[in-house]
Structure formats: C-alpha cells, structure tokens
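Student: Under my numbering, the sequence shown has 24 at position 24, and the numbering climbs by one with no breaks.
Sharing a structure below in structure tokens format, with a few things to ask.
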Amino acid sequence: MKKKLPILAGAICAILVVTLILVFVPLSRDKAPIIGTPMASNVFATENIQISVSVSDDGEVADVILSYSNDSKATWYNVTMSGSGSTTWVGTGTISPHDIEVTLYYKIYAQDNIGQWSVKDNAGAGYELYTGSRKAFIVCSANDFYGSEEEDSFNGGPDANFSEDTGHWLQTQGVQIVGQVDPSAPGHLTNPGAFHIESTGVLGSAEFVYNWTAYYSLENYAFYNFSIWLNTQVPIVGAGVKIGLQWLNSTDQEVRTDWSGAINDTGALWAPLRVAGVCNNDSGNEITQLQLKIAVNGAWGLGSLVLLDDVFIDRWITVNLTDPFNPDPPARNKNCDGFPAQALQVYKVLKGHGYSDENIFFMLYWANDADGVIDIVCGDNITNDLDGTVVIDVLDAGVNASRVKQELNVSVAGSFASSIQENDQLIIFMTDHGSTMQLPDRNATFHFEADGSFITEFEFYELVSQIDCWRMMINMDCCFSGNFLNQNASIGASWYDLPNCIFVSAAANVLSWYWVDCNNGDGFAGSWFFHVFWDQLDQNQTINNAFLTAQAFVPFGKGAPLAVIQVPLIQDNLGIMNTWSFTSFSKL
C-alpha cells in the first residue's frame with residue numbers, strides 16, 4: 001500500500017537542483033611544447049655562444065630554458081632564453097665564454113601556459129660543443145754544427161764601428177758617388193760613428209774596399225760571414241747597396257766574389273746586409289787574399305746620406321771529432337744537441353702545459369748524434385731528455401722539405417694542417433740552419449739535412465696563410481729568420497700580413513747562435529734566444545715578457561745581449577702578446 005507524504009499547509013518546499021558543469025579541454029591542446037632542433041653560433045674560446053631555437057605549442061609557450069654543463073654533465077647551469085611568439089616562439093640564449101679545450105653539453109626545456117614541460121636533449125646525450133684544440137707543429141731538421149770564431153780584434157774596433165778614420169777603408173771606384181768614414185755621423189749599435197755615402201743626384205756607382213789580409217790571416221776551409229747595417233735616409237734610384245767577399249790569389253787576380261743581395265730602400269731605418277763565402281783554398285783554386293767590399297749603384301738627393309755601420313766578421317770553423325785542431329777537406333761538422341735540444345725543449349714545455357701528443361706533430365732529425373743522447377740542461381738529473389715518453393711522428397730521413405710541405409698543406413687529405421679547425425689555435429716551431437744564399441734575390445730558405453732540400457719563405461707563407469684557425473704563433477729559429485718576415489725581395493720593413501698570427505724570429509736578417517751542448521757557462525743546449533724564451537713561457541710569462549727577457553739575455557762570455565748580437569724580432573698582428581700565456585684566458 002502506497003503512502004503519500006502529506007503536504008503541510010504553510011510549509012515551505014525547497015527543491016534542490018544540482019547542475020554538473022563539465023569543462024572540456026579540446027584534444028588539440030593536450031600536448032606539451034614541441035621544441036625544434038637547436039642551432040649554435042660559431043664556437044670560439046673567450047666568446048659568447050648563442051643558441052637559437054623555435055618552440056611551438058597548441059596553446060601558448062610560457063618559458064624556454066637553456067641548460068648547459070662544462071664538467072661532463074656533473075653540473076648544469078640554467079639560462080632563461082629570450083624570444084617572442086605565442087603558439088610559435090623563436091628565441092636565443094647565451095652560454096658564457098669559456099677557455100679553449102672545453103667540451104660543453106646543452107639541452108633545451110620548454111613549458112606552456114598550463115604547466116606542461118618538454119625537453120630537447122639529443123636523445124638523452126645532450127648537444128655537444130667544443131671550444132677548439134691547442135695544436136703544435138714542431139720541426140727540427142738538422143743536428144750538424146760548425147764551431148764559430150769571431151775576429152774580436154776587428155769586431156768592435158774602429159774599422160768595424162767607424163769611430164775613427166784609420167785610413168783602412170778605401171774608395172777604389174767612384175762616379176757621382178763619394179763616401180768616407182765619419183766618426184760624428186749617427187750610428188746604429190755603436191754611436192756616433194758611421195760610414196757615410198753621398199750622391200750628386202746623378203746616376204753613378206762606387207766601391208769601397210777593406211783589405212782583410214793586410215791585417216788578419218785567412219783560415220783555410222772556413223766559412224766567412226760578413227754583415228753590416230745599412231740606413232738609406234731616402235730611397236736610392238737604382239740597384240742600391242750590396243756587400244761582397246772578394247777572394248784573390250797570390251798574383252792579385254780575382255778568384256771570385258761572393259755578393260749579397262742589394263737594398264735600395266730601408267725606409268730610413270737600419271736593416272742588415274749579409275754575405276757568406278768559403279775560403280776553399282786548394283791546389284786548383286788558390287786563395288791567398290780577402291777583401292771586404294761595399295758597392296753602391298744609383299742616385300739620391302743632394303744632402304741626404306746613405307749610412308753604414310757595425311761591420312761584423314765571423315768564421316764558421318769545421319769540427320773534426322778525432323782531431324779538432326786539424327780540420328781537413330771535405331769539411332766535417334759535429335752532430336750534436338743544439339737544434340734537437342731546442343725542439344725537444346719546446347715539446348716538453350707544451351706537454352707540461354697540457355698539450356696532447358694527438359695534437360702535436362713532431363718531426364725530429366738527430367741522426368748519428370755524437371753521444372746518442374739529447375741533454376737539454378746540465379745538472380737537472382736527466383741524462384737523456386729523449387726518453388720513452390717522447391712521441392715522434394717523423395724521424396731522421398723522413399724529415400725533409402717535401403714532408404713539411406705535405407703536412408702544412410690544408411689541401412692534402414690526412415695532413416696535419418687538414419685536421420686544424422677554425423676554432424683551434426696553432427703553434428709552429430721550426431729550428432735548423434737558415435740561408436740567404438740559395439735564391440738569386442737573397443730571400444730566406446729553411447734547410448733540411450736529410451736530403452739537402454729547403455723550403456723558401458714564400459712557400460712557407462703560402463702554406464701557413466691557407467690554414468684557417470683562431471690563433472697562431474710562429475717561431476722561426478734559424479739564421480736569417482727575420483728575413484722570413486718579409487713578403488718581398490727587398491729587405492725592408494714589410495711584415496707578414498697574417499691577421500691571426502704572432503711571429504717571433506730568433507734573429508733579424510743575420511746569424512743566430514746556439515749552444516751545441518749543455519757543457520757551457522749557461523748550462524743548456526739549444527738556441528740562445530728560444531731556450532730562454534720558452535723557459536720564460538714555461539714559467540707562465542706572457543709572450544712579450546718572454547721575448548723581452550730573451551732579447552736581453554747575455555750568453556756566457558759574450559758581453560752583449562741578444563738584442564745586439566742577433567736582433568730578435570716579434571710581430572703581433574693579434575694584439576695579445578702582452579696577455580697571452582699558459583695561464584691567460586684563453587691559454588696559450
């Protein structure tokens with residue numbers, strides 16, 4: 001039986017109506033942001049790295065985060081990226097500057113306006129960037145040396161520095177040109193005193209002669225090196241000035257004359273002239289006399305002078321190991337530590353400052369070494385610096401001009417140069433004999449003992465100028481290495497124009513000097529200049545401080561700094577020689 005609920009009179013009846021409101025999110029808006037593949041700007045040490053990316057979302061992109069690590073993903077740094085756009089957002093973020101040889105990893109996070117996150121991390125590996133490698137190319141291509149004897153009674157005397165007129169320099173020819181010793185003229189290294197030459201302004205020629213054998217004896221089979229400093233106050237119209245070694249027989253007949261190249265313009269600066277010749281006195285080629293000659297051809301304005309100063313004579317004496325006091329033809333020399341020790345010092349300094357053997361290409365010639373070891377420094381308890389830790393890429397017979405040209409050629413697949421990237425930095429160190437006698441225009445060449453080959457300064461320049469890298473330091477350690485800084489045949493003030501390079505030479509266009517072993521007052525074997533230079537770099541000095549210290553170095557028993565003896569040169573096209581060192585940012 002059904003019962004009806006009574007409705008009471010006057011009662012209030014409330015009917016509760018509950019409405020359920022459902023909010024539907026369209027299926028097209030239930031996705032997290034979609035992050036595109038990020039792109040990095042060019043990566044160089046010490047520079048910001050820009051990361052760009054696009055992000056799309058079915059609603060609105062709210063935040064985009066760049067996260068990066070510089071310690072193998074142990075620590076991550078977050079950077080909020082800046083950009084614009086709603087459903088499609090485009091923007092960039094910045095990774096702060098890092099030193100060279102740093103590996104970076106980065107990934108991108110994005111969040112939309114309803115809190116959904118996504119990440120782009122290269123399938124979990126992160127995107128990898130590298131700030132570049134430090135690489136080095138080291139060449140030692142000889143170990144043969146001659147002993148050296150300076151004619152001390154001449155060098156530094158009045159006939160060499162023109163501090164007084166002894167009457168020994170004579171003008172033997174002259175048309176429209178006259179010259180004389182002038183003790184009051186502004187000199188070069190020794191001042192005052194110079195040999196001054198005047199022109200009438202009309203094309204002419206003259207020769208000035210010093211009879212060497214009237215005052216000094218000749219050394220059979222010695223190589224005579226004659227150098228002088230020249231200053232043309234104005235350009236000479238004509239061939240210019242050259243110097244020569246004139247060899248005569250007992251009847252005063254000329255056997256031959258060895259001439260230097262000619263210079264007609266030094267830009268009102270002092271520039272060296274040099275010539276070398278051998279006193280090869282034998283039965284078929286009698287030589288009993290030597291004359292030093294200065295020859296001038298051309299014209300220049302009245303009142304302007306051509307000045308010469310500081311003649312230097314040095315003899316290379318052959319070394320006979322069994323009887324050092326009896327050199328006999330053919331000339332013998334001594335295979336010793338000089339060049340190899342210098343190259344090995346550079347290698348060891350680089351290794352000590354973190355360079356890897358993978359990034360060092362080392363070419364070493366030390367065949368038939370006199371004692372079978374390389375001892376860089378005496379008394380350091382290291383008998384042989386060429387130990388089992390040294391990795392040599394090319395040894396002895398393979399060290400030749402052809403191989404160097406191959407390895408420095410970026411176009412040769414598999415060459416060392418072809419491995420160099422645009423954000424790498426490169427050190428090139430080359431040590432050996434240099435010459436200005438191989439080419440008619442007296443431009444410099446770098447020698448290879450293995451096969452007698454050589455590379456010219458033009459060939460070297462053409463190769464290194466094609467290497468596309470971030471920074472480069474070139475060290476040329478040989479006689480006449482300053483000549484490698486000249487682009488043209490004239491020995492003047494034009495320098496290489498490699499914009500990303502610091503070039504350091506052991507000498508100007510003159511001889512450079514070495515200790516052939518460490519048994520000397522300085523206790524080291526190697527280059528007088530570059531041993532000190534690299535020792536300073538090893539002590540974290542800047543390139544310029546190292547250069548200045550090495551330039552001021554006075555070798556044991558020599559009485560003059562290298563700034564006077566061989567005039568090292570530096571050209572800094574990068575503008576960083578005052579800061580670049582093994583501890584700078586970025587590091588050497």
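Even glycine gets a Cβ: it sits at the ideal position worked out from N, Cα and C.
First and last residue of the beta strand (DSSP E) that includes S402?
Tutor: Where S402 is concerned, there is no enclosing beta strand (DSSP E), although the alpha helix (DSSP H) it sits in stretches over 401-407.
Student: Do you know offhand how far V241's Cα is from T436's?
Tutor: Approximately 16 Å between the Cα atoms of the pair.
Student: Taking three-plus beta-carbon pairs below 8 Å as touching, is the region 361-370 in contact with the region 452-466?
Tutor: Segments in contact, no.
Student: Rounding to the nearest angstrom, what Cα-Cα distance links G267 and A239 in this structure?
Tutor: The alpha-carbon atoms of G267 and A239 are separated by roughly 15 Å.
Student: Can you find the residues in the same chain that come closer than 7 Å, C-beta to C-beta, to P183, ignoring five residues on each side of it along the sequence?
Tutor: Once the five neighbours on either side are set aside, the close Cβ partners of P183 are F162, S163, E164, D165, P192, G193.
Student: Could you give the residue range of the beta strand (DSSP E) that holds A341?
Tutor: Looking at the DSSP string, A341 is not in any beta strand (DSSP E); the run it does join, the alpha helix (DSSP H), is 338-352.
Student: Cα separation between Q571 and A45?
Tutor: Taking the straight line from one Cα to the other gives about 23 Å.
Student: Can you tell me which of the three DSSP states S84 falls into?
Tutor: In the structure shown, S84 sits in a strand (DSSP, three-state: E or B).
Student: Indicate the three-state DSSP secondary structure (helix, strand or coil) for P272 in the structure shown.
Tutor: In this structure, P272 counts as strand in the three-state DSSP scheme.
Student: Please list the terminal residues of the continuous alpha helix (DSSP H) segment that includes L537.
Tutor: It spans 528-538 - the alpha helix (DSSP H) in which L537 sits, taken as one unbroken run.
Student: Could you give the distance in angstroms between the alpha-carbon of F553 and the alpha-carbon of N544?
Tutor: About 14 Å.
Student: In the structure shown, what three-state DSSP assignment does V547 receive?
Tutor: According to the sequence provided, residue 547 is Phe. The question's Val does not apply to it. If DSSP states are grouped into helix, strand and coil, F547 belongs with the helices.
Student: Would you mind giving the Cβ-Cβ distance between F223 and I243, rounded to the nearest angstrom? I have them listed as a contact below 8 Å.
Tutor: Not a contact, Cβ separation roughly 16 Å.
Student: Give the DSSP-derived three-state secondary structure of G179 in the structure shown.
Tutor: In the structure shown, G179 sits in a strand (DSSP, three-state: E or B).
Student: Taking the beta carbon of T232 as the centre, do at least 16 other beta carbons fall within 10 Å, making it buried, or is it exposed?
Tutor: The residue is buried, with at least 16 neighbouring Cβ atoms inside 10 Å.
Student: Go through its chain and collect everything with a Cβ distance to G589's Cβ below 8 Å, but skip five positions before and after it.
Tutor: Past the edges of the chain, shown from 1 to 588, lies residue 589, and the structure says nothing about it.
Student: Grab the span of the beta strand (DSSP E) containing D597 for me, first residue to last.
Tutor: No information on residue 597 is available, as it lies outside the stretch 1 to 588 that the chain covers here.
Student: Using the three-state DSSP reduction, which class does W247 fall into: helix, strand or coil?
Tutor: Of the three classes helix, strand and coil, the one that applies to W247 here is strand, per DSSP.
Student: If we count the other Cβ atoms within 10 Å of its Cβ and call it buried at 16 or more, is M430 buried or exposed?
Tutor: Buried: at least 16 other Cβ atoms inside 10 Å.
Student: Quick check for students: name the residue ranges of the beta strand (DSSP E) that lie wholly in the region 195-230, counting only runs of 3 or more.
Tutor: If we require 3 residues or more, the beta strand (DSSP E) runs fully inside the region 195-230 come out as 204-211.
Student: In terms of DSSP beta bridges, what is H447 paired with?
Tutor: F454, per the DSSP bridge assignment.
Student: Assuming A136 is part of the beta strand (DSSP E), what are its boundary residues?
Tutor: Its beta strand (DSSP E) spans residues 134-140.
Student: So what does DSSP say about S96, is it helix, strand or coil?
Tutor: S96 falls in the coil class under three-state DSSP.
Student: For Y77, count neighbouring Cβ atoms within 10 angstroms of its own Cβ and tell me buried if that reaches 16, exposed if not.
Tutor: By the 10 Å Cβ count, Y77 comes out exposed.
Student: Within 10 angstroms of its Cβ, does P327 collect 16 or more other Cβ (buried), or is it exposed?
Tutor: Its pLDDT being 43, under 50, P327 is placed unreliably by the model, and the measurement read from it follows with that caveat. Counting Cβ neighbours within 10 Å, P327 comes out buried, since at least 16 surround it.
Student: Using C-beta distances below 7 Å, list every residue in its chain close to D73, excluding the 5 sequence neighbours before and after it, in chain order.
Tutor: Contrary to the premise, residue 73 reads as Lys rather than Asp in this sequence. Closer than 7 Å at the Cβ level, and outside the excluded window around K73, lie Y105, G126.
Student: Quick one: Cα of I114 to Cα of N42, how far?
Tutor: Each residue's alpha carbon lies about 35 Å from the other.
Student: Quick one: Cα of I420 to Cα of V61, how far?
Tutor: Straight-line Cα distance between these residues: approximately 41 Å.
Student: What's the C-alpha gap between A417 and S505?
Tutor: One C-alpha to the other measures close to 22 Å.
Student: Nearest-angstrom Cα distance between Y467 and L189?
Tutor: The question names Tyr, but residue 467 is Ile in the sequence shown. Near 38 Å, if we compare the C-alpha coordinates of L189 and I467.
Student: As an exercise, report each continuous beta strand (DSSP E) stretch of at least 3 residues that is fully enclosed by the region 354-379, in chain order.
Tutor: Here the runs fully enclosed are 360-364.
Student: Taking only the alpha-carbon atoms, compute the straight-line gap between P324 and S586 and give it to the nearest angstrom.
Tutor: Residue placement at P324 cannot be trusted, given a pLDDT of 37 that sits under 50; the coordinates are not used to answer.
Student: Give me the residue from I427, L350, Q291 with the minimum Cα distance to N210.
Tutor: The displayed chain sequence assigns Tyr, not Asn, to residue 210. Cα-wise, what sits closest to Y210 is Q291.
Student: For the pair the region 534-541 and the region 499-513, tell me if three or more CB-CB distances fall below 8 Å.
Tutor: They do not touch, by the three-pair rule.
Student: For L20, which residues in the same chain have their Cβ closer than 7 Å to its Cβ, ignoring the five residues on either side in sequence?
Tutor: The pLDDT assigned to L20 is 42, lower than 50, so where the model puts this residue is not dependable, and the model offers no usable value.
Student: Buried or exposed for P329, please, with buried defined as at least 16 other CB atoms from any protein chain shown within 10 angstroms of its CB.
Tutor: For P329, the pLDDT reaches just 40, beneath the cut-off of 50, and the residue's location in the model is therefore unreliable, although a value from the coordinates is still provided. By the 10 Å Cβ count, P329 comes out exposed.
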